[in-house]
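**Q** Okay, here's the structure, questions in a sec.
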DNA sequence: ACTGCATTCGAACGAACGTTCGAATTAGCC
DNA sequence: GGCTAATTCGAACGTTCGTTCGAATGCAGT
């Protein structure tokens, strides 16, 4: 089994026309693939990865069943592309937002806000990421798991900083995973018509979590 | 479509032999069905509802493919039976444990402990309940949703009591759903070899959640 | 041994599955 | 217009799916 990331399409893409000032930011191929990924995300969200058939994806994207296979070589790789792109983007945005912010409580709040904003703006993709986490196998699964681990480590770092600065006592592991639970569970209940926007929700969950973590017994300072 | 709950097997079960002092608490039929449900729970947990085939269930339970249909009339009803039994049991146990406890903080802690204890003692069943919540359709889905709603309302009641007694200010909806998220997410990460038992975990999550909810700004008492 | 019902099974059903292939169509470039 | 490669498609492949059916087996009461 080859590396899931490396392109398997050997034939080169169309070369960009000479002097055109980039009327489209990506090749036609990339655009079409992105469209298919978007439609497939909706279908996977609604019917689940196993429950969605290639014929469902064909219908949703308006392309013939066989035509889909010009853009990816298997249903599993399609899910992989969705998950990898979604997860990479959220990590990338997080890093950009954390840069230049020093206060450790503020940094945790940024983590929560970034997660919830992206979650609510891309609900379908995030549900597919959360809910179909076990659907990929071997190489595909490993690559997504690596991104997940990086994301997890970042959050652990933020909380360990907070803990050290303020001399708090709690299990970082339980705290981080509880926070992920609070945030990721949203896809099971969020209703844009009754629930607030991402910023308010991030405030509310941030309050709940940070108070819960910071109201704990501090270490006495004669403990080292 | 008939009521999913009512038995469709018309033929009566074997009548209990006359004077025997209940050597088995249930009929042979019920025992065998329970065995099949237990094996099916494991398979659904491992491969997902859609991903598990009737032939997988046949293999796991050691019964022929056709034989399974003597005990239930469809794969969907099998999932329904698992979800309904699991959810009913957890609600029933919760009610028993809450009876006679007056302190409202203690009652919330009991809710958390009951949930986590059952979750960790029946991980496979609870994962099937949490993860396959959308797999049932129409009548089947409605009946499980009714139990879920009752369970949700109980938790809302506990938190509203706490809120009133202590004059707290927070969104009950967000708090309850955040708590469910913290607890239900466990099935994605809990590892019995590294994580503590249910009681410690309930303490830790109870601290995190209750501090978060109670450390909030209290209403001034001249507000009514 | 015989009867009647509960239980189990092998074999098959039609439908739907993911994927493939060769031909048709389209779009950029001389 | 004609050439070439990129793109799309209809039709089919072999496999697996959930479910059904009639026959076999087990077992209790007579």
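Residue numbers (our numbering), protein chains in the order written: chain A, 4 to 227; chain B, 4 to 227.
Even glycine gets a Cβ: it sits at the ideal position worked out from N, Cα and C.
1. Measuring only the C-alpha atoms, how far is residue 88 of chain B from residue 98 of chain A?
2. Run through DSSP, which three-state label would residue 154 of chain A get?
3. What do you get for residue 200 of chain B, buried or exposed, if any count of 16 or more other CB atoms within 10 angstroms of its CB means buried?
4. For residue 186 of chain B, I'd like the list of residues in its chain whose CB is within less than 8 Å of its CB, leaving aside the five on either flank, ordered along the chain.
5. Under 8 Å by Cβ, that's how I've got residue 159 of chain A and residue 179 of chain A pegged, so tell me the actual separation to the nearest angstrom.
6. Can you find the residues in the same chain that come closer than 6 Å, C-beta to C-beta, to residue 94 of chain A, ignoring five residues on each side of it along the sequence?
7. Could you name the residues of the segment 176 to 190 of chain A whose beta carbon sits closer than 9 Å to any beta carbon of chain B, in the order they occur along the chain?
8. Can you find the residues in the same chain that come closer than 6 Å, C-beta to C-beta, to residue 86 of chain B, ignoring five residues on each side of it along the sequence?
9. Is the segment 67 to 75 of chain A touching the segment 104 to 114 of chain A, taking contact as three or more C-beta pairs under 8 Å?
10. Name the chain B residues whose beta carbon is nearer than 7 Å to that of residue 51 of chain A?
11. Per DSSP, what kind of secondary structure is residue 26 of chain B in: helix, strand or coil?
12. What residues from chain B crowd round residue 208 of chain A, counting only those whose CB sits closer than 8 Å?
13. Assign residue 56 of chain B to one of three DSSP states: helix, strand, or coil.
14. Measuring alpha carbon to alpha carbon, tell me which of A:142, A:169, A:196 and A:188 ends up nearest residue 82 of chain A.
15. When you compare each of B:193, B:50 and B:32 to residue 124 of chain B by their alpha carbons, which one comes out closest?
16. Just the C-alpha distance for residue 157 of chain A and residue 203 of chain A, rounded to the nearest angstrom, thanks.
17. Counting only runs that start and end within the segment 102 to 184 of chain B, where is the alpha helix (DSSP H) found for 4 or more residues in a row?
18. Find the residues of chain A that neighbour residue 35 of chain B, judging by a C-beta separation of less than 8 Å, and give them in chain order.
19. Could you give the residue range of the alpha helix (DSSP H) that holds residue 218 of chain A?
20. Can you pull the chain A neighbours of residue 216 of chain B, defined as C-beta to C-beta under 9 Å?
21. Use the C-beta contact count for residue 168 of chain B: other C-beta atoms within 10 angstroms, 16 or more gives buried, fewer gives exposed.
22. What's the call for residue 210 of chain A, buried or exposed, on a 16-neighbour Cβ count within 10 Å?
23. Pick helix, strand or coil for residue 204 of chain A, following the three-state DSSP scheme.
24. Comparing the C-beta of residue 136 of chain A with each C-beta of chain B, is any distance below 8 Å?
25. Quick check on residue 47 of chain B: does DSSP put it in helix, strand or coil?
26. Measure the Cβ-Cβ separation of residue 45 of chain B and residue 138 of chain B and say whether it is below 8 Å.
27. At what residues does the alpha helix (DSSP H) containing residue 199 of chain A begin and finish?
28. Hey, would you say residue 74 of chain A sits closer than 8 Å to residue 101 of chain A, going by beta carbons?
29. Around the Cβ of residue 64 of chain A, are there at least 16 other Cβ atoms within 10 angstroms (buried) or fewer (exposed)?
30. Just checking: is the beta-carbon of residue 67 of chain A within a distance shorter than 8 Å of some beta-carbon in chain B?
31. Buried or exposed: which applies to residue 129 of chain B, given that a residue is buried once 16 or more other Cβ atoms fall within 10 Å of its Cβ?
32. Residue 150 of chain A and residue 91 of chain A - do their beta-carbons sit closer together than 8 Å?
33. How far does the alpha helix (DSSP H) with residue 70 of chain A in it extend, from its first residue to its last?
34. Below 7 Å on C-beta distance, what does residue 174 of chain A contact in chain B?
**A** This is what the structure holds:
1. For residue 88 of chain B and residue 98 of chain A, the distance between alpha carbons rounds to 45 Å.
2. helix
3. exposed
4. 115, 118, 119, 122 and 208
5. 6 Å
6. Correct list, in chain order: 154.
7. Taking a C-beta cut-off of 9 Å against chain B, the contacting residues of the segment 176 to 190 of chain A are 176, 177, 178, 180, 181, 182, 183, 184, 185, 186, 187, 188 and 189, listed in chain order.
8. 132 and 147
9. no
10. 53
11. Bear in mind that a pLDDT of 48 at residue 26 of chain B, under 50, signals an unreliable position, so the model cannot answer this.
12. 177 and 181
13. coil
14. A:142
15. B:193
16. 23 Å
17. 107 to 124, 126 to 134 and 141 to 169
18. Ordered by position in chain A, no residue passes the 8 Å Cβ test against residue 35 of chain B, which lies about 28 Å from the chain.
19. Per DSSP, residue 218 of chain A belongs to no alpha helix (DSSP H) and is neither H nor E.
20. 211, 214 and 215
21. exposed
22. buried
23. helix
24. It does: the Cβ of residue 136 of chain A has a partner Cβ on chain B nearer than 8 Å.
25. DSSP places residue 47 of chain B in the helix class (H, G or I) of the three-state scheme.
26. no
27. Careful: residue 199 of chain A lies outside any alpha helix (DSSP H) and carries neither H nor E.
28. no
29. Under this definition residue 64 of chain A is a buried residue.
30. no
31. The residue is buried, with at least 16 neighbouring Cβ atoms inside 10 Å.
32. yes
33. 68 to 71 is the extent of the alpha helix (DSSP H) around residue 70 of chain A.
34. 207
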